[in-house]
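For the protein sequence lines, the chains are A and B, in the order given.
Each residue of the first sequence is one higher than the last, beginning at 1 in our numbering.
Each residue of the second sequence is one higher than the last, beginning at 1 in our numbering.
Positions of the beta carbon are idealized from the N, C-alpha and C atoms, including for glycine.
Working notes, beginning with the structure itself.
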Amino acid sequence: MPIPYPRPSINTSSIVKVKALVAATLLSGIFGQAGAINLDAEGTLTASGFYSLTAAKILDGATQGAGPSWNYAQWRCPCFVANWATATVYEKDKALSFDESVVGLQLSKEFTPQLSFTTQIVTRSRDARSAQTAVDWAYGTWQSTDTYTKLRAGRMRVPLYYYSDYLYVGYAYPWVRAPAESYITEIEDYDGINLSHAMRLADSDWMLTGQIWYGRRNDQDNPLYSRIIQLAPTDVTWSRINGISASVNNGIADLRMVLMTTRKSMAQTARRHPSVAMCQFG
Amino acid sequence: MPATAAIAIIASHNNPASRIGLPVLSQGFLGMASGFVPIDQKEESPIFRQFYEKAVRRDPREVKAMWARMVFTGIARPPRQFESDEAVKREVVANDRAIGYIDANAVDNSVKVLLIIP
């Protein structure tokens with residue numbers, strides 16, 4: 001399947017408030033991928049990264065019928081939630097928005113061919129949190145000599161849907177973004193372990209890759225719940241995340257199945273309230 | 001090298017494989033699990049483009065996009081790029097699990113040919 005250049009897409013979302021949204025990735029790319037940026041003499045410490053500059057504008061929309069604009073939380077609607085995890089919302093009354101633009105930097109240190117450590121820091125143009133820079137990945141990897149078996153431990157993105165774990169690497173797929181309607185998850189990463197194993201099926205062209213993961217994630221001041229649903233600082237915890245996936249590919253086609261369960265809990269907290277901080281100091 | 005030169009897929013004599021098919025070759029050079037270590041040529045070299053067009057049947061930008069997925073999800077590290085056929089041969093001889101591609105005219109006894117792509 002050829003992967004065309006990122007192109008403008010028209011989003012006629014099922015969210016009734018917005019009739020037309022135009023969004024285009026103006027610029028996307030990667031750097032240092034083939035180990036071009038070596039940070040030490042042996043080439044074991046490498047830097048690479050990705051970026052995308054995305055612009056969007058709501059062209060047309062109406063408020064639940066034909067009423068005037070109205071406010072929801074901090075937004076003026078008609079509005080469109082482009083990203084639930086970061087609470088990125090487009091407002092019709094606003095000019096061109098670059099809120100979905102991202103820059104990612106990945107550092108990787110190889111201790112031996114089997115053992116390595118990787119961290120990926122992603123800065124989003126718009127993130128409802130006070131900090132716009134987040135550590136999406138920070139994990140150690142052990143891989144077998146034949147590279148078929150891989151064990152990772154640390155913080156990783158949840159490999160729930162096909163694009164979930166590289167949703168922000170816009171260069172890696174042909175759209176401005178994967179559809180928010182199917183990629184709505186309030187939590188996108190987890191702290192835990194991930195074991196994967198690959199094997200060739202008989203002597204065929206088909207490779208089977210299996211993956212299991214286990215972990216948890218406590219997300220304080222979760223953007224989706226804090227800014228869109230509960231409208232108060234809310235901590236969301238996914239515990240006992242159990243996932244298993246299997247995929248087969250022959251170099252042309254790729255078929256993937258996944259099953260994941262988790263326990264979800266939420267708590268509203270006043271820890272960011274100024275008076276609480278004062279009590280602690282008083 | 002002339003545009004019509006054949007490309008030889010090479011491995012060490014210690015590599016148990018005696019031949020390799022294009023699908024398996026593509027899997028390895030696109031970062032999927034394949035059991036071998038792909039050895040690349042410099043991105044700017046003519047043979048790089050020819051190899052990916054003829055053997056992997058993808059243009060360099062698609063290849064980079066597929067590797068972006070592999071690299072930024074920790075599935076695989078990108079292949080090391082070597083600056084000449086000679087350097088690729090040296091690396092293949094040194095690593096029993098390595099598979100590389102060179103101009104078919106540059107093949108010598110130091111390496112085993114797994115496939116010739118005309």
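Among the options, which has the Cα closest to the Cα of residue i?
| i | options | result |
| --- | --- | --- |
| A:Tyr190 | A:Ala232, A:Met260 and A:Val248 | A:Met260 |
| A:Ala55 | A:Ile37, A:Thr86, A:Ala41 and A:Lys94 | A:Lys94 |
| A:Gly49 | A:Ile187, A:Val258, A:Ile37 and A:Lys57 | A:Ile37 |
| A:Ala24 | A:Tyr90, A:Lys57 and A:Pro78 | A:Lys57 |
| B:Gly100 | B:Val37, B:Leu22 and B:Pro16 | B:Val37 |
| A:Thr209 | A:Gly140, A:Val258, A:Ile193 and A:Tyr166 | A:Val258 |
| A:Trp206 | A:Pro159, A:Cys79 and A:Asn250 | A:Asn250 |
| B:Trp67 | A:Gly170, A:Glu186, A:Thr269 and A:Thr141 | A:Gly170 |
| B:Pro118 | B:Val92, B:Arg58, B:Val93 and B:Glu53 | B:Glu53 |
| A:Phe111 | A:Val176, A:Gln143 and A:Leu105 | A:Gln143 |
| A:Val176 | A:Pro68, A:Ala82 and A:Gly104 | A:Ala82 |
| A:Tyr166 | A:Ser204, A:Thr141, A:Glu181 and A:Gln106 | A:Gln106 |
| A:Gln211 | A:Gly61, A:Val158 and A:Gln220 | A:Val158 |
So, using beta-carbon positions, are residue i and residue j closer together than 7 Å?
| i | j | result |
| --- | --- | --- |
| A:Tyr168 | A:Val122 | yes |
| B:Phe51 | B:Ile7 | yes |
| B:Ile47 | B:Val113 | no |
| B:Arg69 | A:Ala85 | no |
| A:Ala283 | A:Tyr148 | The structure shown does not extend to residue 283 of chain A, since chain A is modelled only from 1 to 282, so the question has no answer here. |
| A:Phe80 | A:Leu21 | yes |
| A:Trp137 | A:Gln114 | no |
| A:Arg227 | A:Ala87 | yes |
| B:Gln27 | B:Ser18 | no |
| A:Gly215 | A:Ile184 | no |
| A:Arg263 | A:Ser239 | yes |
Three-state secondary structure (DSSP) at residue i?
| i | result |
| --- | --- |
| B:Arg69 | helix |
| A:Leu231 | coil |
| A:Tyr162 | coil |
| B:Val93 | helix |
| B:Ala106 | helix |
| A:Ala267 | strand |
| B:Val111 | coil |
| B:Glu86 | helix |
| A:Ser182 | coil |
| A:Ser69 | coil |
Residues in its own chain within less than 6 Å of residue i by CB, not counting five upstream and five downstream?
| i | result |
| --- | --- |
| B:Asp85 | Ile102, Asp103 and Ala106 |
| B:Asp40 | Pro79 and Gln81 |
| A:Phe31 | Gly49 |
| A:Leu45 | Leu39 and Lys109 |
| A:Glu91 | Trp75, Arg76 and Cys79 |
| B:Asn15 | Asp96 |
| B:Val56 | Ser26 and Phe29 |
| A:Phe117 | Lys109 and Gly140 |
Spatial neighbours of residue i within its chain, please: C-beta separation below 8 Å, excluding the five flanking residues on both sides.
| i | result |
| --- | --- |
| B:Val71 | Gly31, Arg77 and Pro78 |
| B:Glu43 | Pro60 and Gln81 |
| A:Leu53 | Thr25, Leu26, Leu27, Ser28, Phe98 and Ser101 |
| A:Ala232 | Ser226 and Gln268 |
Chain E beta carbons: is any one of them nearer than 7 Å to that of residue i?
| i | result |
| --- | --- |
| A:Gly251 | Protein chains A and B are contained in the structure displayed, whereas chain E is not. |
Please go through the same chain and pick out, in chain order, the residues whose beta-carbon is closer than 7 Å to the beta-carbon of residue i, but skip the five residues on each side of it.
| i | result |
| --- | --- |
| A:Gly192 | Trp213, Tyr214, Gly215, Arg216 and Ile241 |
| B:Glu91 | Ile39, Phe82, Ala98 and Gly100 |
| A:Glu288 | Not covered by the structure: residue 288 of chain A. The range shown for chain A is 1 to 282. |
Please specify which runs of the alpha helix (DSSP H), each continuous and at least 4 residues long, are wholly inside the region 11 to 83 of chain B, giving them in chain order. 22 to 29, 46 to 51 and 60 to 72
Which whole runs of the beta strand (DSSP E) in the region 192 to 223 of chain A are 3 residues long or more, in chain order? Qualifying beta strand (DSSP E) stretches, in chain order: 207 to 219.
If we require 3 or more residues per run, which beta strand (DSSP E) segments fall completely within the region 94 to 179 of chain A? 102 to 110, 115 to 124, 133 to 143 and 149 to 157
Continuous beta strand (DSSP E) assignments of at least 3 residues falling wholly in the region 22 to 65 of chain A: 45 to 61
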